[in-house]
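Here is the structure we will look at.
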Amino acid sequence: MIEALNDPAVLASVSVRASDLRGTSAYWQSKGRQLEAMIRTLGVPHFFVTLSAADVHWPELQHAWGIDAEQYESNVELRAEMLSKLQKDPGMADTVFWLRFETCLKRFLVEHWKVNDYWFRIEYQSRGSPHVHGCIWMPDGVDVTSNTLNAEELTSFVDKYICSWNLAMDESDYGNQVLNGSLAGQGHPAQLKPEEIENDKQDLQLISHLTERHTICSKKCLRTVKGKQECRFKYPREPQEKTVAKRVSRLNWQVETQRNDERMISHSPQLLCMWRANVDVQMISSVKNLIRYLIKYATKSEKESDYMAELTKRLHKELEDNAEQNADNNFQRSNTARRVVQQHLMAQVGARDYSAQEAMHLLLQTSMYKGSREFVFVQTGETRAVEEKGVCRNSCDKYSKRAKNLENVTMFRFFSDYCLSPNGRCTKRPKQVVLLISPFFRPNEQSDERREGYYRQQVLLYSCWRNEREAKGLHTSWQQAYEAMPAENRCELQLPNLDDLRNDEADEEVEAVAELPEMTNANAQSAAQPTYEHEEQEDWMVAVGALHRERNLLACPEDQLPKPPENFDWSAASGGQFPTVGEAKAFLSSDLKLGAREVADMPINSVESLNVRQREMYNLIESHLQLSRLAEENQGEKPEPLKAILYGSAGTGKSYLISTLRRLIGESRCRIMASTGVAAFNIAGETLHSALKLNVNFSAGVGKKSLMEMQEQWKDVRYIFIDEFSMLGQRLLRKVDARLRELFPEHSKQSFGGRSVILIGDVFQLPPVLDTQLYVYNPNQKKHDILKSEGYKLYMEFKKVVHLTEQVRQANDTEFAQLLDKLREGKADEACWNSLMNNCRVYAPDLLPEGFQSGCTFLYHTNEDVRNRNYMLLGKMVSELNPVRQINAICKGDEAKLCGKKKEHKKSDTNLEKRLYLCIGARVMLTRNLSVRNGLVNGSVGTVRGICYAPGRQSPKDWPDCIWVEFDNYSGPAMGAIVQDNRAIRVVPILSVTNEKFKGGAQLSRQQFPLRLAWASTIHKSQGLTIPKAYVAFSKGGARKAIPAGLFYTAVSRVRAFADLRVSSCDYNNFVSLFSAQKVQTQLHEQKRLLRMCSSANSDSR
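Under our numbering, the residues of the sequence shown are numbered 11 to 1112, in order.
In structure tokens form, the structure reads like this:
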């Protein structure tokens, strides 16, 4: 390998990989090739557009930094502070600029001007501030290459969009004030928000005069001509009353816009009012100017560093020295070669200087360019890649094996209009893509071999054939075959070729184009696909990319994910055989309800297997049960109902003990419940709201008939277990008490209807949502919320406590168990931090080991982080053959108004997604309890296997009738299906549901499928689970303020050992704040109280 690196071609191919490194010269060369390919496909664009930054004047930036905009202009200290913040926080300035550009592109250029296509890139000026420039294709544009275009048509098109007119020179009073500078003290117009603009014309007069005049020539724009310095942009220019266009050659027009100010630059008044900073819009009236842009601007990188040439020489010398010293040491020579390749790539990164804003742009992984088209790499060369299993097919091979119905489709149209899957299936693309053709030939190639290669490529691309012999026909050369194409009616009509345009202009810049590096197979692929697999990148590269994707990706997922073509066949995409919609409905109404899991299905836990503390609770229940039975038999006085707490941290065997107690008591005499569906399923129980028919908002009772039915179901119940009591609030406990008094009216004067109640859990776990923790006392609470006050009193009646201390879940990793004990009680210190970071830290979720990623659950604090991660992973899965199905909720009432707002992902009070994005193979979570005892609960996770429609219904106008999901570890009733690989699976049909509520006297409703994406989940959803593998993202910065106590302890305690956990990087101060004792002061006080009762009970028993 080390000898190969001495070959300049090999080292050059290594440099091609630098096109992945954003901002490098190789990167911009690849983007320039993409623009050139767009021009070949779409024709000459119509306008050059440049948008510059207003630096410190934009109100969004002032607001972000807490600067008072009204005092900014007059307060010298504020202006100095603004400049200081610009230096200290360049990332904010760059982000504001890019967000403004994206908004301007979408709202003005695309939606208002109806721009068909565009290509923009960002560039940083010498002072470090950014600007974007690029090309746009207008819907009503003229073709400057057309022989029929006349001057009147061209000037009419130009005047519609741009001018060089200074409106302040209209001799009005305000205009004169603008010209003489008497308005200078009123502040820069870029600071104004839209609602603050009182007079549109005066605003345009001022902002155009201040931002659109070329008043000062810097050293860069001055050049010496015949011993005299002149402006390279030819300012000042002579005024003229109207726009003039003159054809100077077949492909070149000279256009001078109307102007009344010799210093005014060409701009769009409309765009200027929108952007509110310097804009430059110029008509592309000359192919020569377009080629100049391709050479000098589109592919230009920033200023080169002097270090590059020196480093390249040093690398070559190191190669030579190592070749001599390690002639017989192949291992050492291989390591040297690897190091040289790495250094060469790093040299590409360091080949130029970076401003602070650009550095932040790169670190945040914000996009460097925007384009309206996708790119596909097409290889027409005669080489083939060789793999262990054989020879790979190139583009020519794939085209020659196309389906018979595409017989008359040329190779160019085949790849631009159709999508070919790995299994050979071909579908029509929703929008034509731009092809990047390799090898890259020009019609004026100097060598006979390359010239013949050009003609071969043209014939293959623009004619129909099944093999190359057929394409060439009886001609002796490819050039003859090419020249005979029109006469033989074998070619398809195409737009003027940029190569032809170049050949018609024999000037220096056209010749310079021919000197551009040849587009090799490798860098053409890089241009089409600018990222590589993670294992081929250094950790820091992947980490930087992942940080951006977690923070910024998919703000508008519908703009990022592939849309299905019209009438896309979802049944075929599902690739299997599924039951009918009618069978699915019958299953949900009958079979699913028959499969309830009984105690007999639960594993049998031996009493002898209980540890000392577990046995203590077992004995307490057993003795109380015996006394109760004796009282019933002898009609004696029954013992007081138990009010006990089984207390223990995560993993201490609480769920194990519950199943043992259940067998002791008997199924009919006890009820096992929990606050959430996931927790209820883990203990083979029910949710509180389902078992007791409690309304979520505590606002409704139960009807007489339903109450009688419940009383019949509950008549034998004597013991009630409530798991995860940390999530049980004061209001909910009072509602439980009230319902139990209704179920047992003969004991309505006793709390909980005279039933024994055992609370199970840990106060350090997650607190209740929209309720108050049981142990929090508020003396004024009675005045505000009597439910809470009475709930607190009920909790204080629990006097017996059994404390479980022996770890069961983390029994095989004592170091991890000890760490959890310290984190639980807010005793996080440097040793804890080092232990967690050394064992579990990864710098980004994309850097998880390959074996760890499979089956890993990503846990985040906020729904926003969960959503971003889910959409990123969804984006990796979808393709044109497996697109995203966007399902918009059906809303009625005032809820419909909510759908019109820009809250794309709001679930409202219905807990149903406003917009649901699915594809075949997507990981999803159920958001409804379909069958708690079977495990189909709110929080159950599975994989989408089918998106199905009833006969006569189709996408996109109709909703799917059924989503087929294969749930993880599900053993309850299911339906059979056959998927694409002929594998039989068990699936559950998910139908849409409708949630209704009344608010303000109005009825609101939302209909949607009760699903959401589930590669990632909130930590709240993990409460009560044991997870095989988890990645936990620690919150940072200001987000810490909203973090509930015990949140991240709950997250990290879901796994069994260090080996099952990965966490995001977290500095020590942030780590301590997340697990600080101050956050859990209330829990610590409550734990002390409970442990005192536990000790008292133990001493009494002795």
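Where a beta carbon is used, it is the ideal one built from N, C-alpha and C, also for glycine.
Q) How would you write the range of the beta strand (DSSP E) that R1072 sits in, first residue to last? A) Residues 1071-1074.
Q.
Quick check on DSSP: helix, strand or coil for C474?
A. DSSP places C474 in coil when its eight states are reduced to three.
Q. Terminal residues of the continuous beta strand (DSSP E) containing C972?
A. Boundaries of the beta strand (DSSP E) around C972: 972-977.
(Q) Is the beta carbon of I732 closer than 8 Å to that of L738? (A) Yes, the pair counts as a contact, with Cβ atoms nearer than the cut-off.
Q: Could you tell me the distance, in whole angstroms, from the CA atom of V773 to the CA atom of Q1093?
A: Here the alpha carbons of Q1093 and V773 stand approximately 6 Å from one another.
Q. Which of the three DSSP states, helix, strand or coil, is assigned to T113?
A. The three-state secondary structure of T113, taken from DSSP, is helix.
Q. Whose C-alpha, out of A103, C283, Q44, is nearest the C-alpha of R131?
A. Closest option to R131, judged by alpha-carbon separation, among A103, C283, Q44: Q44.
Q | Minimum length 3: unbroken beta strand (DSSP E) runs contained in the region 678-740 | A | If one requires a minimum length of 3 residues, the beta strand (DSSP E) runs lying completely within the region 678-740 are 680-684, 729-733, in chain order.
Q: Could you spell out where the beta strand (DSSP E) holding M935 opens and where it closes?
A: First-last of the beta strand (DSSP E) with M935: 933-936.
(Q) How far does the beta strand (DSSP E) with F387 in it extend, from its first residue to its last? (A) For F387, the enclosing beta strand (DSSP E) covers residues 385-389.
Q) Which residues does DSSP pair with E181 in a beta bridge? A) According to DSSP, which records beta bridges pairwise, E181 is partnered with nothing at all.
Q | Euclidean distance between Cα positions of K236 and G151 | A | Per the coordinates, the alpha-carbon of K236 lies some 39 Å from the alpha-carbon of G151.
(Q) Assuming M148 and V125 are in contact, meaning their beta carbons sit under 8 Å apart, how far apart are those beta carbons, in whole angstroms? (A) With a Cβ gap of about 6 Å, M148 and V125 count as contacting.
Q | Proximity winner among L445, L430, S761, relative to S889 (alpha-carbon distances) | A | Answer by Cα proximity: L430.
Q. For S276 versus I172, is the C-beta distance shorter than 8 Å?
A. Their beta carbons are under 8 Å apart, which means S276 touches I172 by this criterion.
Q) Mapping DSSP to helix, strand and coil, what is G555? A) Confidence at G555 is low in this model, with a pLDDT of 43, below 50, so the placement of that residue should be treated as unreliable; the coordinate-derived value is given next. Helix at G555.
Q: Identify, in the order they occur along the chain, each residue of the same chain with its Cβ nearer than 7 Å to the Cβ of E632, setting aside the five sequence neighbours on each side.
A: These residues qualify, in order along the chain: L674.
Q) Would the region 1017-1025 and the region 928-944 be scored as touching if the rule is three or more Cβ pairs under 8 Å? A) Contact between the region 1017-1025 and the region 928-944 is established, with three or more Cβ pairs separated by less than 8 Å.
Q: Compute the distance between the beta-carbons of V1090 and E734, then report whether it is under 8 Å.
A: No, they are not a contact pair.
Q.
Can you find the residues in the same chain that come closer than 8 Å, C-beta to C-beta, to G1048, ignoring five residues on each side of it along the sequence?
A. Note that G1048 has pLDDT 46, beneath the 50 cutoff, so the model's placement of it is unreliable and no number is given.
**Q.** Rounded straight-line distance, which links the Cα of S600 to that of K924
**A.** About 30 Å.
Q.
Am I right that V894 and L884 are in contact with their C-beta atoms under 8 Å? What's the rounded C-beta distance?
A. About 7 Å separates the two Cβ atoms, so the contact holds.
Q) If you follow the alpha helix (DSSP H) that Y927 is part of, which residue opens it and which one closes it? A) Under the DSSP assignment, Y927 falls outside any alpha helix (DSSP H), being part of the beta strand (DSSP E) whose first and last residues are 925-928.
Q) In chain order, what residues of the same chain have a beta carbon less than 8 Å from the beta carbon of K1123, not counting five sequence neighbours either side? A) Residue 1123 falls outside the range modelled here, since the chain spans only 11 to 1112, and no answer is possible.
Q) Of the choices W263, N1005, L1023, whose alpha-carbon is the least far from that of K298? A) Selected option, being the one with the closest Cα: W263.
Q.
With H, G and I counted as helix, E and B as strand and the rest as coil, what does DSSP make of A660?
A. Of the three classes helix, strand and coil, the one that applies to A660 here is coil, per DSSP.
Q: Check whether the region 864-875 touches the region 407-415, taking contact to mean three or more Cβ pairs, one atom from each stretch, closer than 8 Å.
A: Contact fails: fewer than three Cβ-Cβ distances are below 8 Å.
Q: Using three-state DSSP, classify T1092 as helix, strand or coil.
A: Helix, per DSSP.
Q: Go ahead and label A994 buried or exposed: buried means 16 or more other beta carbons lie within 10 angstroms of its beta carbon, across all protein chains shown.
A: Exposed is the call here.
Q. CB-CB under 7 Å to L1101, same chain, minus the five flanking residues each way: which ones, in chain order?
A. Here the set comprises H813.
Q) Do R223 and M284 have their C-beta atoms closer together than 8 Å? A) Remark: C-beta atoms of R223 and M284 do not approach each other more closely than 8 Å.
Q: Per DSSP, which residues does G483 bridge with? Please list them.
A: DSSP lists no partner for G483.
Q) At what residues does the beta strand (DSSP E) containing G801 begin and finish? A) Segment 796-806 is the alpha helix (DSSP H) holding G801; no beta strand (DSSP E) there.
Q | Alpha-carbon spacing of M887 relative to V954, whole angstroms | A | The C-alpha of M887 lies about 12 Å from the C-alpha of V954.
Q.
For K399, which residues in the same chain have their Cβ closer than 8 Å to its Cβ, ignoring the five residues on either side in sequence?
A. For K399, the pLDDT reaches just 40, beneath the cut-off of 50, and the residue's location in the model is therefore unreliable, although a value from the coordinates is still provided. Nothing listed; no residue qualifies.
Q. With DSSP run on the structure shown, which of helix, strand or coil describes H544?
A. With a pLDDT of 32 at H544, under the threshold of 50, the predicted position of this residue should be treated as unreliable, and no value is reported.
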